[in-house]
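Take the sequence shown: its letters are residues 42 to 373, numbered as in my numbering. Ideal Cβ positions, reconstructed from N, Cα and C, are used throughout, including at glycine. Quick caveat, the model's predicted, so the values are computed rather than measured. Data first, discussion second: the structure below is written as structure tokens.
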Amino acid sequence: MSKKTATEITNNIQDLEEPPPSNLAVLISPHLQKLAKTSPAVRKQFYPCDKERNCSSKAFIDPLLEDQFIKTKGLIHKYPSRVLIELTLTCASYCRFCTRRRMVSDLQKLQITEKDIDNMIKYLKKHPEINEVIFSGGDPLTVPQTLQLALQKISKLPSIRILRIHTRMPISNPILAKPDLLNTIAKINKEKPIYLSLHFEHPDELTKETIKLVKKIRQTGAILLSQTVFLKGINDSYEVLAKLFTSLAQLGIRPYYIYHCDPVKGAEHFMVSFIKEIKIMTKIRANLSGIAYPTYVIDTPNGAGKIPVPLDFWKFEKKQFADFNGKKIVVR
Ligand code: SF4
Numbered sequence: 042m043s044k045k046t047a048t049e050i051t052n053n054i055q056d057l058e059e060p061p062p063s064n065l066a067v068l069i070s071p072h073l074q075k076l077a078k079t080s081p082a083v084r085k086q087f088y089p090c091d092k093e094r095n096c097s098s099k100a101f102i103d104p105l106l107e108d109q110f111i112k113t114k115g116l117i118h119k120y121p122s123r124v125l126i127e128l129t130l131t132c133a134s135y136c137r138f139c140t141r142r143r144m145v146s147d148l149q150k151l152q153i154t155e156k157d158i159d160n161m162i163k164y165l166k167k168h169p170e171i172n173e174v175i176f177s178g179g180d181p182l183t184v185p186q187t188l189q190l191a192l193q194k195i196s197k198l199p200s201i202r203i204l205r206i207h208t209r210m211p212i213s214n215p216i217l218a219k220p221d222l223l224n225t226i227a228k229i230n231k232e233k234p235i236y237l238s239l240h241f242e243h244p245d246e247l248t249k250e251t252i253k254l255v256k257k258i259r260q261t262g263a264i265l266l267s268q269t270v271f272l273k274g275i276n277d278s279y280e281v282l283a284k285l286f287t288s289l290a291q292l293g294i295r296p297y298y299i300y301h302c303d304p305v306k307g308a309e310h311f312m313v314s315f316i317k318e319i320k321i322m323t324k325i326r327a328n329l330s331g332i333a334y335p336t337y338v339i340d341t342p343n344g345a346g347k348i349p350v351p352l353d354f355w356k357f358e359k360k361q362f363a364d365f366n367g368k369k370i371v372v373r
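Next comes the structure, spelled out in structure tokens:
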């Protein structure tokens, strides 16, 4: 299937203005189109806008330098004990702030076959120091058969102890999750823990369809985590995030990470000031239960890892930080 242009893919979206040319196609599920009618926060995340054209010289195409660490098709080995596996570049809907917008939605660029999975297994066998596999993409839940195959094969490796799946499907198109996949997760989870990291940005995303699916996923026994990105004009307020994290904890989803938005070309307009983020997270830490509080991190633009950001309980330099290798980085 070739990469669809924004116009081809959006023919059925009635209230969409002409999107700016972009690597990232426009795909908005009927579930989100309906939600966007009443939620500006959802609309801003998925409907393209003219600001995508504005790129400063400080923005990156691949801010995390992932492409340099591809070891075999679909497998990125950047940190010693874990690998990221990209099973697809498709998602149930495309978020305009996506860090991987350089390639996400380019369906020709990555199609994973059984042979590719076997090559990944060969690599994992050669590297017994790797004990965790993170399935990502794109959204791995949009290719359930490939995900099931990869889970079944990779979970058999004795060196792999932790399996993690990153997905936004329960938010972006909850009707796509099929019982087959949930049964596989439940079965494998009995042998090895599966962590499902769900990507939430705003309380409006907790629709009755999403909550229903979250409850079904909980029945698989998988451990549910969340990740969130700070997004200007969408969730950069104490009230919004406090409501989101509290609701997630009440649903049995442990808020895990909140990120400073990466300086990605075409998505810089989503970036929130670092000082504002610290203020919000300090208030959240002071007021919410510890189990509703995610770690606030900045992903280093040179691909050296996620650095936790100290809060205003401490006095610290807010203009630069050092990465895990001691390299000084100026905050944007
Ligand atoms: S679901 Fe994830 S990979 Fe897909 S567009 Fe959104 S942020 Fe990017």
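Within 8 Å, strictly: CB atoms of residue i and residue j
| i | j | result |
| --- | --- | --- |
| S200 | I175 | no |
| T183 | T140 | no |
| L148 | E127 | no |
| S134 | L76 | no |
| P244 | K284 | yes |
| L223 | L188 | no |
| A308 | F138 | yes |
| F286 | P296 | yes |
| L68 | S177 | no |
| M161 | G115 | yes |
| L247 | S288 | yes |
| H240 | R209 | yes |
| T225 | L265 | no |
| D198 | K167 | Sequence inspection shows Leu at residue 198; the Asp mentioned does not correspond to that position. No, these two residues do not count as a Cβ contact at 8 Å. |
| G262 | A290 | no |
| V305 | R84 | no |
| H301 | I332 | no |
Delimiting residues of the beta strand (DSSP E) encompassing residue i
| i | result |
| --- | --- |
| F176 | 173 to 177 |
| V124 | 123 to 127 |
| D340 | 336 to 340 |
| I235 | 235 to 240 |
Status (buried if at least 16 other CB within 10 Å, exposed otherwise) for residue i
| i | result |
| --- | --- |
| E358 | exposed |
| S122 | exposed |
| T20 | Nothing can be reported for residue 20, as the shown portion of the chain is limited to 42 through 373. |
| S330 | exposed |
| K356 | exposed |
| M42 | Bear in mind that the predicted position of M42 carries a pLDDT of just 37, short of 50, making it unreliable; the figure below should be weighed with that in mind. Looking at its Cβ environment, which holds fewer than 16 other Cβ atoms inside 10 Å, M42 is exposed. |
| V371 | exposed |
| P181 | buried |
| N366 | exposed |
| P81 | exposed |
| E93 | buried |
| Q86 | buried |
| I216 | exposed |
| N230 | buried |
| C90 | exposed |
| K360 | exposed |
| E232 | exposed |
| G179 | buried |
| D159 | exposed |
| P211 | buried |
| F362 | buried |
| I316 | exposed |
The alpha helix (DSSP H) enclosing residue i, as first and last residue numbers
| i | result |
| --- | --- |
| A191 | 185 to 195 |
| T131 | It is not in any alpha helix (DSSP H) - T131 carries neither H nor E in the DSSP assignment. |
| S213 | 210 to 213 |
| P220 | 220 to 232 |
| K360 | Looking at the DSSP string, K360 is not in any alpha helix (DSSP H), and its letter there is neither H nor E. |
| K150 | That residue, K150, is in no alpha helix (DSSP H); it is neither H nor E in DSSP. |
Every unbroken beta strand (DSSP E) inside the stretch 242 to 316 [3 residues or more]: Correct list: 264 to 270, 295 to 300.
Within the stretch 63 to 118, ranges of the beta strand (DSSP E) (whole runs, at least 3 residues): Counting whole runs of 3 or more residues, the stretch 63 to 118 contains the beta strand (DSSP E) stretches 111 to 113.
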